[in-house]
Structure formats: C-alpha cells, structure tokens
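Just so you know, we're using the working numbering here: the sequence shown kicks off at 24 and counts up by one. One structure is given here, and the rest of the page talks about it.
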Amino acid sequence: MVIGGLGAGAKEITGIAIGGLGAGAERITGVAIGGFGAGADEIQGLVIGGIGAGADKIRGVAIGGIGVQGKYLSGLQIGGLIVKGDMLTGVEIAPYCHAKEDMIGISIGLLNIAEHLKGFQIGVINIAKNNPAPFKVLPLINYHK
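If you want it as structure tokens, here you go:
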C-alpha cells in the first residue's frame, strides 16, 4: 500500500496506491486512486482519477471525472466527458466514446465513433466506419458483428 498527501508513485505498485493529487507507476496491479489523476504504462485492476485516468494498457475498471484515455482499454471505462483509445474492448460509457481502431463490445454515449466496430453503439449519433453505407452513421443504435 502506498499513500501520499500529494502523490503516490513507484516503479511498480501491487496493491493500493492513493495520492491526494495523483497516483502513478510504470505498472499498477490493484487499485490506484488520484485526486486529479491516476496513470501508468500498464494498469490491471481499478483506476480512478478525479479528472482523468490513463495508461497505454488498462485491463479492469477505469473511471475518470473528465475522461479515460489509453492505447488499449479492456473492461469497463467510464468518463465524465470522454473515453478514447486505439482499441476499446468491453463497455465504454461517456458522452464521447472514440475508438481510433477497434471497438469490441458496447459503447454508450451521446457520440460514439469506431473505426472498426464489432458490437453495439448506443447513443444520439453512432458512427461505425466499417459498416456499409447507409449504416455508417445511425441515431440511437448501431451494430456490426
């Protein structure tokens, strides 16, 4: 367990890291909570950032007050405004969900964008660039298997 008034960090954290402003490491396995943000190169477990949560690779649950961002996000990601990554697998919930490459699973938001969708998008505007016209941009629900 690592607890810091301003920040909590180490090269590798296994267990719990809590920082008043931030929590970070190269690799986190367990729980990381930062008042402003939490991040690492790789996170497996639960990460919560008051403003944001991010990593190159997140497997588990990521919650960011403003958003969650990374290259490879797998599990449940919840962002107050945005969830964005290269590859999103699992469930993404935010007003703006953007998979720059693959989105496999379900994204729920006002605007959902996937370069390559394999699953469902639920929102006001849903864009699946791999769908044939006229199904690339749909209101309410979009799907591709």
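We treat Cβ as the ideally placed atom computed from N, Cα and C, and that holds for glycine.
- Under a 10 Å Cβ-count criterion, isoleucine 164 is classified as exposed, with fewer than 16 other Cβ atoms of the shown protein chains found around its own Cβ.
- Rounded to whole angstroms, glycine 47 and arginine 82 show a C-alpha spacing of 16 Å.
- When beta bridges are read from the DSSP output, isoleucine 71 appears opposite Ile56, Ile86.
- In its chain, beyond the 5 residues on either side, Leu69, Gly98, Leu99 have a beta carbon closer than 6 Å to the beta carbon of valine 84.
- Of the candidates Gly146, Glu65, Gly102, Ala122, Ala122 places its Cα closest to the Cα of lysine 152.
- Burial check for glycine 73: the Cβ neighbour count within 10 Å reaches 16 or more, so the residue is buried.
- Here asparagine 135 carries a strand assignment [DSSP, helix/strand/coil].
- At the C-beta level, glycine 53 and isoleucine 71 stay beyond 8 Å of one another.
- In the three-state scheme derived from DSSP, where H, G and I count as helix and E and B as strand, asparagine 149 is classed as strand.
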